[in-house]
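Notes follow once the structure below has been shown.
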Amino acid sequence: MATSVLKTSQPIPLEAFVAEIERRRAAAGYPEMPRNSGNRRTESKRALLKAIEEAGGTW
Amino acid sequence: MMSLRPDFERALRFFGRVGLGFRAKGYDPPVLVGGAAVELFSNNLIATGDFDISTPRQDAFERELVALGFTKPAGKGMATRGWIHQDFKLGFEVVSSTLLDGMADRERLVLIDLGEDGIAAILSIEDTIADRMGQFHSGSAPEMLQQARVLASLHKDVDVTYLDRRIREETGGDLGVEDIPTDTA
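First to last, the sequence lines map onto chains A and W.
Counted the way my numbering counts, the first sequence spans residues 1 to 59.
Counted the way my numbering counts, the second sequence spans residues 1001 to 1185.
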């Protein structure tokens, strides 16, 4: 198994974590990922996301 | 993108601060799971609307949220267990008391050092992929297979033995690591 900055019991500084993910995205050719369909959302989740949306949040 | 989207990073730092409160009390830290973990492990290939949290100490977690200025959405149609904060547009919600029904290994959590904002504990990449596969297997979220595929393409250093076991546990033995598509088309 390859060693990795993500495979350690020590906390990873946020900047190093983000840089490592970015390096992997580049190596993988910047793949796209389908977003969640939302089919499995609970009523509580729907209400929370509605509140976020009404506050101006987008995702 | 060499940084997280600003709202996501703000939310992560608040999450880390909740963890600081937990550590001060000697509690295991709350763990970030679900779509926010996917966003973090892919750096925004998907954007999530909220942080799903696993902790057996929901009351303590929510007391920390209140102390940090979180509020519950109020008004018609707002019957939610979630919380919001005026400083960023993501919600927080405790979704479970055990990590994937107690099957996920806490020793594999990814810990992110946020400096003065503490340490954020994230569900392992293997368990995050297995969770996607379990949701795919349920039949109600077909897109989860492709999320698992992309995560696996970004994290080729996963513990394959553990990942395979966890996928089988999440899918009643029907799927394994070989069922994650490997093409990148």
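We put the beta carbon where it would ideally sit given N, CA and C, even for glycine.
Original post:
Does any residue of chain W bring its CB to less than 7 Å from the CB of A:R40?
Top reply: Chain W has a Cβ within less than 7 Å of the Cβ of A:R40.
**OP:** Along the alpha helix (DSSP H) that carries W:V1018, what are the first and last residues, could you check?
**Re:** Per DSSP, the continuous alpha helix (DSSP H) segment holding W:V1018 begins and ends at P1006 to A1024.
Original post:
Going by other Cβ atoms of all chains shown within 10 Å of its Cβ, with 16 needed for buried, is W:D1050 buried or exposed?
Top reply: With 16 or more other Cβ atoms inside 10 Å of its own Cβ, W:D1050 counts as buried.
**OP:** In the DSSP assignment, find the alpha helix (DSSP H) that holds W:K1156 and state where it starts and stops.
**Re:** Note, W:K1156: premise wrong, no alpha helix (DSSP H); not H, not E.
**OP:** Please list the segments of the alpha helix (DSSP H) lying wholly inside the segment 1026-1110 of chain W, counting only runs of 4 or more residues, in order along the chain.
**Re:** Runs found: 1034-1042 and 1058-1067.
Subject >> Alpha carbon of W:T1048 to alpha carbon of W:L1012, nearest angstrom >> reply: Here the alpha carbons of W:L1012 and W:T1048 stand approximately 12 Å from one another.
Original post:
DSSP three-state call for A:A52: helix, strand or coil?
Top reply: Before going on, a small fix: residue 52 of chain A reads as Ile here, not Ala. Helix at A:I52.
Original post:
Got a sec? Which residues, its chain only, sit under 8 Å from W:V1160 by beta carbon, not counting five neighbours each side?
Top reply: Cβ within range, chain order: V1177.
Original post:
How about A:A47: is its C-beta nearer than 7 Å to some C-beta of chain W?
Top reply: Using beta-carbon distances, A:A47 counts as an interface residue toward chain W, with a partner under 7 Å.
Original post:
Where A:A51 and W:A1067 are concerned, what is the direct C-alpha to C-alpha distance, given to the nearest angstrom?
Top reply: Rounded to the nearest whole angstrom, the C-alpha separation of A:A51 and W:A1067 is 20 Å.
Original post:
Looking at W:A1148 and W:I1180, is the spacing between their C-beta atoms short of 7 Å?
Top reply: Yes, Cβ-Cβ distance for W:I1180 and W:A1148 is below 7 Å.
Original post:
Can you tell me the Cα-Cα spacing of A:L6 and W:S1042, whole angstroms?
Top reply: A direct Cα-Cα distance of roughly 13 Å separates A:L6 from W:S1042.
Original post:
Relative to the alpha-carbon of W:P1056, which residue among W:T1080, W:E1039, W:D1028 and W:A1037 has its alpha-carbon at the smallest distance?
Top reply: Distances from the CA of W:P1056 to each of W:T1080, W:E1039, W:D1028 and W:A1037 were compared; the closest alpha carbon is that of W:D1028.
Original post:
What do you get for A:E15, buried or exposed, if any count of 16 or more other CB atoms within 10 angstroms of its CB means buried?
Top reply: Classified as exposed, A:E15 has fewer than 16 neighbouring CB atoms from the shown chains inside 10 Å of its CB.
**OP:** Alpha carbon to alpha carbon, how far is W:A1120 from W:F1015? Give it in angstroms, no decimals.
**Re:** A direct Cα-to-Cα measurement between W:F1015 and W:A1120 gives close to 7 Å.
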